[in-house]
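In the numbering used here, the protein residues as written are 1 to 177.
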């Protein structure tokens, strides 16, 4: 009888540890067709980049910041960069062309949806923010603050394709939320 209880107890512990282990590897993914966002960006890309007066400066610094992000940090960095674009870039950018403004508004609405998905993941503790993720976001914010606000917003909008490609690459699949 004791052996049976010990066996059940060990089985319970093994199942618990397996569930904790697999939960740690679950990724929070955004199941959203990014084509609409990418098309909206492509429609305004030339007009935005034509306004960029700092061609030799980057904010997202493709090769260094985003490509060094580890899989465990993807959710946090995505969440932070979505907030960066929604709370800072889209608000700082001043656009007079109504067609470009509509496209930016469409992209911003898509970003708000993605933020909502990632917020649900964070509530389920599937979106941890480790120091590496925070540092990567801090570098991007620092790059942004080195430029005058309007120039930084234009630069960030012009580099939106880098972020979209990174999101598309790192969030393929179905959502964990």
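Just so you know, even glycine gets a beta-carbon here, dropped at the ideal spot from N, CA and C.
Just so it is clear, the structure is predicted and the values come from calculations on it, not from any experiment.
Cβ atoms of residue 115 and residue 152: under 9 Å apart, would you say? The residue given as residue 152 occupies position 152 in the chain shown. The residue given as residue 115 occupies position 115 in the chain shown. The criterion of a C-beta distance shorter than 9 Å is not satisfied by residue 152 and residue 115.
If you measure between the beta carbons of residue 85 and residue 160, is that distance less than 9 Å? To locate residue 85, count along the chain shown from 1; it is residue 85. To locate residue 160, count along the chain shown from 1; it is residue 160. Taking 9 Å as the cut-off, the beta carbon of residue 85 is found closer than this to the beta carbon of residue 160.
What ranges does the alpha helix (DSSP H) occupy inside the region 83-127, keeping only unbroken runs of at least 4 residues that lie completely in it? Here the runs fully enclosed are 98-123.
Assess, as a yes-or-no matter, whether the region 98-108 is touched by the region 36-45 under the definition of 3 or more beta carbon pairs within less than 8 Å. The region 36-45, when compared against the region 98-108, does touch it at the 8 Å Cβ threshold.
8 Å contact criterion, which residue 60 and residue 162 should meet: CB distance rounded: Residue 60 sits at position 60 when you count from the first residue of the chain shown. Residue 162 sits at position 162 when you count from the first residue of the chain shown. Confirmed, Cβ separation roughly 5 Å.
Using only CA atoms, which one of 117, 142, 138 and 125 lies nearest to residue 72? For the purposes of this step, residue 72 is taken as residue 72 along the chain shown, with counting starting at 1. Checked all of 117, 142, 138 and 125; the closest Cα to residue 72 is 125.
Using the Cα positions of residue 66 and residue 92, report the straight-line distance between them to the nearest angstrom. In the chain shown, residue 66 corresponds to position 66, counting from 1. In the chain shown, residue 92 corresponds to position 92, counting from 1. For residue 66 and residue 92, the distance between alpha carbons rounds to 23 Å.
Quick one: using the 10 Å Cβ neighbour count with 16 as the cut-off for buried, is residue 136 buried or exposed? Indexing the chain shown from 1 puts residue 136 at position 136. Buried, since its Cβ has 16 or more Cβ neighbours within 10 Å.
The alpha helix (DSSP H) enclosing residue 141, as first and last residue numbers: Sequence index remark: in the chain shown, residue 141 carries index 141 (1-based). Residues 131-145.
The alpha helix (DSSP H) enclosing residue 155, as first and last residue numbers: Residue mapping note: residue 155 aligns to position 155 of the chain shown, counting from 1. Counting along the chain, residue 155 sits inside the alpha helix (DSSP H) bounded by residues 149-158.
Are the beta-carbon atoms belonging to residue 48 and residue 100 less than 9 Å from one another? Along the chain shown, one-based indexing puts residue 48 at 48. Along the chain shown, one-based indexing puts residue 100 at 100. Between residue 48 and residue 100, the CB-CB gap stays under 9 Å.
Chain-order list of residues whose beta-carbon lies under 8 Å from that of residue 149 (same chain, five-residue window excluded): One-based indexing of the chain shown puts residue 149 at position 149. For residue 149, same chain residues with a beta-carbon under 8 Å away, outside a window of 5 residues either side, are 92 in chain order.
Let me know if residue 24 comes out buried or exposed under the rule of 16 or more other beta-carbons within 10 Å of its beta-carbon. Position 24 of the chain shown, counted from the start, is the residue given in the question as residue 24. Any reading at residue 24 must be qualified, since the residue scores a pLDDT of 39, below 50, and its modelled position is unreliable; the value itself is stated next. It counts as exposed.
On the three-state DSSP scale, how would you describe residue 67? Along the chain shown, read from residue 1 onward, the residue named residue 67 stands at position 67. When DSSP states are grouped into helix, strand and coil, residue 67 belongs to the helix group.
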